[in-house]
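One line per chain: the protein sequences are E and H, in this order. If you count the first sequence from 1, position 159 lands on 159 in this note's numbering, and the numbers rise without skipping. Numbering-wise, this note's numbering comes out as the position in the second sequence, counting from 1, plus 250. A virtual CB, placed ideally from N, CA and C, is assigned to each residue, including glycine. The structure appears below as structure tokens.
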Amino acid sequence: MSIQPQMPKVWRTETKPHKFCPGCGHPLVLKALGEAIEELGIQDKAVFGCDIGCSLLAWDFFNVDSVQTHHGRTTPVITGVKRANPDVIGIAYMGDGGGYAIGSQHLVNAAARNEKITVILVNNVQYAMTGGQMAPTTLPGQKTETTPYGRDVNAQGYPTLGPEMVSAITREGAYVARGTVANLRQLKRFIKNALQNQIEGNGFSFVEALSLCPTNWRTNAEQTWKFVEEDMAQYFKVGELKPLGEKKEG
Amino acid sequence: MAEKPIQGEKRAFMTGNEVVAWAALAAGADIMYGYPITPQNEIMHYWTRLAPKYGRSFLQTEDEISAGFTCVGGVLAGKRAFTATAGPGNTLMQESMSMAEMMRLPTVLVVCQRGGPSTATVIYSQQEVTMTCFGGNGEGFRIVYSTSGQQDLFDYTIKAFNTAWKYRFPTFVLGDGYQSKMRESVTIYDPEARGIKMVPTEPYVGKSGMPGVDRDPSHLRNTYNMEDELYEVVMEIKKEYERVAPEIVEYQEFDTEDAEVLVVAHGVVSRAVQGAVKALRKEGIKAGHFRPITLRPFPVEQLKAAAGKAKNVLIVESSVGQLEKIVKHSVYGLTTPITNYFKPGEGVTVEEVVEQVRRLV
Chain E
1 MSIQPQMPKV WRTETKPHKF CPGCGHPLVL KALGEAIEEL GIQDKAVFGC DIGCSLLAWD
61 FFNVDSVQTH HGRTTPVITG VKRANPDVIG IAYMGDGGGY AIGSQHLVNA AARNEKITVI
121 LVNNVQYAMT GGQMAPTTLP GQKTETTPYG RDVNAQGYPT LGPEMVSAIT REGAYVARGT
181 VANLRQLKRF IKNALQNQIE GNGFSFVEAL SLCPTNWRTN AEQTWKFVEE DMAQYFKVGE
241 LKPLGEKKEG
Chain H
251 MAEKPIQGEK RAFMTGNEVV AWAALAAGAD IMYGYPITPQ NEIMHYWTRL APKYGRSFLQ
311 TEDEISAGFT CVGGVLAGKR AFTATAGPGN TLMQESMSMA EMMRLPTVLV VCQRGGPSTA
371 TVIYSQQEVT MTCFGGNGEG FRIVYSTSGQ QDLFDYTIKA FNTAWKYRFP TFVLGDGYQS
431 KMRESVTIYD PEARGIKMVP TEPYVGKSGM PGVDRDPSHL RNTYNMEDEL YEVVMEIKKE
491 YERVAPEIVE YQEFDTEDAE VLVVAHGVVS RAVQGAVKAL RKEGIKAGHF RPITLRPFPV
551 EQLKAAAGKA KNVLIVESSV GQLEKIVKHS VYGLTTPITN YFKPGEGVTV EEVVEQVRRL
611 V
């Protein structure tokens, strides 16, 4: 008899096994999110929105009302839902392309308006679904399909520091953190805090999750983990930039 | 609960933008999402002044892409949500409207056409016909009402919410800068006083009950992995669109019965044509006018019948053939000669139409 791992009730077993590549970071982030939703008891209130890119594969992942939208447009769709029905807990789930490139104006303005929604952005330093092109977060020197000789910061600029940007443009009521799939308990705590912040009606909540792409990174298991734990974590500092309940003078 | 915005009926002297705001209020619209662009701005101005008195909401977004998608979100939450735009803003909103087309979301978008292409003028045109009817990547499964003045703007803004929620297709009220900015007499009313029942709304997401326990979760998507999967979805939408089209189609005919020259025009241009037909009839010239009110779906059969009886068809529009394309497509096979009078971004007068018709007889 095999022992089945414990899964949260919001995990929709009918749609499992999921469609992400083996070794992908999304299922880890989604598991942390699922547990957070369950522990906070918000399954009946949560509205989960996902973007284009690998995140769209989560459209039927949970026993939670979900809507999959266009590239970069998940933040406005969830904003629209939340503005029309403030009782829901709106979760916008996207990748680094959706949040920092095509949808950056929506992220910036939703943060600046202190929209009472939770944005979870999975950072795998590239466009994965379209075949591994450069993203705003691609590391200096990193090879992708559109930076075959490595990202040259003189030509392509430096990687976007998302939580740092969101932290800089938000005032009191915001929650901002960066976690990693290499430390799931901590990531879950950050996601839970981000949702708690919305439940309390404080304001905009943002969590970036450093994640894996063993397919387009062209790495083996060992190198993949090394890349996320060492290379990425060196550039993208993990931690809470705006902790829960912190009140700053405006 | 706040009192009704309009009790019974009232005569008013208003700009088109003011009329739209009052109509949306009277229709029970819950929330407007908007982004400033001329000539649509006063819809937001009036809405933001009136809405809080009646418990309605407003969000000014960062751009039209966001206004369109937040409007989609409002509809997903089950609210009578709407937005308004023009020109380049209409271009940006096509992205969200194609999502509404795919997911059958009853979005309501008021378009106040301005000159084009690009930024062009902020005044007037009929150059957003193609984009409003067929914009976005898709087949144009949407409903477009072309209004000709303040009364239309009031009637069809209310109607747009009902058509959208009854048939679940994105619905557009296609006005223009003239109508937006000019002031004219209009009767505004509480829909109930006219026996108009507002179609109830319901949420797509955030429904009551525990998803996965009491009910299935809503899982909405617009991405399909397989060709045949998408084929089925699109063909199902097509089937439904064609089924309901005869119920939705609207048009007006003026002296078409014995008309030798049939003038086809829509929107505010129709008013110049109506004036021309009256003047020509006085001279003994048998002119008639066919005005499509719905540009999507188009009154194909009705136009064919009217055009088939005429010796000449004249298309008058304030663009270079956007209506003509639809007309020619609709009357394919008829041998009646078709000529046109195009004035992109300019108004059309009664005298001009009279002269054009005289040329043909």
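Within a Cβ cutoff of 8 Å, which residues of the same chain sit near residue i, ignoring the five residues on either side of it in sequence?
i: residue 470 of chain H; result: 326, 353, 454, 455
Please compile the residues from chain H whose C-beta is within a distance smaller than 9 Å of the C-beta of residue i.
i: residue 218 of chain E; result: Simply none; closest approach about 24 Å.
i: residue 105 of chain E; result: 312, 313, 315, 316
i: residue 60 of chain E; result: 467, 469, 471
i: residue 73 of chain E; result: 315, 316, 318, 319, 322, 345, 346, 349
i: residue 114 of chain E; result: Under the 9 Å cutoff, chain H gives no residues; its nearest Cβ is about 13 Å from residue 114 of chain E.
i: residue 202 of chain E; result: Under the 9 Å cutoff, chain H gives no residues; its nearest Cβ is about 19 Å from residue 202 of chain E.
In the structure shown, what three-state DSSP assignment does residue i receive?
i: residue 44 of chain E; result: coil
i: residue 12 of chain E; result: coil
i: residue 117 of chain E; result: coil
i: residue 65 of chain E; result: strand
i: residue 450 of chain H; result: coil
i: residue 179 of chain E; result: strand
i: residue 123 of chain E; result: strand
i: residue 249 of chain E; result: Only weak support exists for where residue 249 of chain E lies, its pLDDT of 42 falling under 50; the value from the coordinates is given anyway. Reduced to three states, the DSSP call for residue 249 of chain E is coil.
i: residue 504 of chain H; result: strand
i: residue 426 of chain H; result: strand
i: residue 18 of chain E; result: coil
i: residue 562 of chain H; result: strand
i: residue 54 of chain E; result: helix
i: residue 204 of chain E; result: coil
i: residue 461 of chain H; result: strand
i: residue 513 of chain H; result: strand
i: residue 481 of chain H; result: helix
Leaving out five residues on either side along the sequence, give the residues of the same chain with a beta carbon under 6 Å from the beta carbon of residue i.
i: residue 63 of chain E; result: 10, 12
i: residue 14 of chain E; result: none
i: residue 500 of chain H; result: 543, 544
i: residue 302 of chain H; result: none
i: residue 495 of chain H; result: 547
i: residue 111 of chain E; result: 166, 169, 170, 204
i: residue 214 of chain E; result: 23, 224
i: residue 526 of chain H; result: 600, 603, 604
i: residue 570 of chain H; result: 592, 594
i: residue 562 of chain H; result: 511, 587, 610
i: residue 317 of chain H; result: 283, 284, 285, 311, 333
i: residue 153 of chain E; result: 140
i: residue 424 of chain H; result: 361, 382, 394, 396
i: residue 417 of chain H; result: 494
i: residue 321 of chain H; result: 283, 331, 333, 357
i: residue 411 of chain H; result: 277, 330, 358
i: residue 107 of chain E; result: 75, 99
i: residue 248 of chain E; result: Low per-residue confidence applies at residue 248 of chain E: pLDDT is 46, beneath 50, and the placement is therefore not dependable enough to give any value.
i: residue 549 of chain H; result: 499, 501, 542
Using the beta-carbon of each residue, which ones in chain E are nearer than 8 Å to residue i?
i: residue 472 of chain H; result: 68, 69, 70
i: residue 329 of chain H; result: 84, 85
Mind pulling the chain H residues with CB within less than 8 Å of residue i?
i: residue 77 of chain E; result: 319, 320, 322, 323, 326
i: residue 12 of chain E; result: 462, 467
i: residue 123 of chain E; result: Correct list: empty, because the minimum Cβ distance to chain H is about 22 Å.
Who are the neighbours of residue i on chain E, taking C-beta pairs under 9 Å?
i: residue 426 of chain H; result: Within chain E, no residue comes near residue 426 of chain H; the closest Cβ sits about 27 Å away, beyond 9 Å.
i: residue 307 of chain H; result: 83, 84
I want to verify the contact list: residues of chain E whose CB lies under 7 Å from the CB of residue i, in sequence order.
i: residue 280 of chain H; result: 84
i: residue 283 of chain H; result: 80
Among residues of its own chain, excluding the 5 on either side of residue i, which ones have a beta-carbon nearer than 7 Å to its beta-carbon?
i: residue 387 of chain H; result: 348
i: residue 293 of chain H; result: 267, 270, 271, 334, 360
i: residue 344 of chain H; result: 381, 385, 386
i: residue 250 of chain E; result: A caution first: residue 250 of chain E carries a pLDDT of 38, below 50, which makes its placement in the model unreliable, though a value can still be read off. Cβ within range, chain order: 171, 172.
i: residue 521 of chain H; result: 398, 399
Given that residue i touches chain H, what residues does it touch there, using C-beta distances under 7 Å?
i: residue 64 of chain E; result: 461, 467
i: residue 56 of chain E; result: 473
With a threshold of 7 Å, establish whether the CB of residue i neighbours any heavy atom of the ligand COA.
i: residue 579 of chain H; result: With respect to the ligand COA, the structure shown offers nothing to examine, as it has no ligands at all.
Cβ-based contacts, 8 Å cut-off: residues of the stretch 176-200 of chain E near chain H:
none
Could you list the residues in the stretch 23-48 of chain E with a C-beta less than 7 Å from some C-beta on chain H, going in chain order?
43, 44, 47
Give me the subset of the stretch 442-474 of chain H whose CB atoms are less than 9 Å from a CB atom of chain E, sorted by chain position.
453, 454, 455, 456, 457, 458, 459, 460, 461, 462, 463, 464, 466, 467, 468, 469, 470, 471, 472, 473
Near-chain H residues of the stretch 77-92 of chain E (beta-carbon distance less than 8 Å), N- to C-terminal order
77, 78, 79, 80, 81, 82, 83, 84, 85, 87, 88
In the stretch 135-159 of chain E, which residues sit with their C-beta less than 9 Å from some C-beta in chain H, listed in chain order?
none
Whole runs of the beta strand (DSSP E) within the stretch 379-443 of chain H, excluding any shorter than 3 residues:
393-396, 421-426, 433-439
Tell me the start and end of each unbroken beta strand (DSSP E) in the stretch 281-331 of chain H that is at least 3 residues and wholly inside, in chain order.
281-284, 307-310
Which whole runs of the alpha helix (DSSP H) in the stretch 330-354 of chain H are 4 residues long or more, in chain order?
337-353
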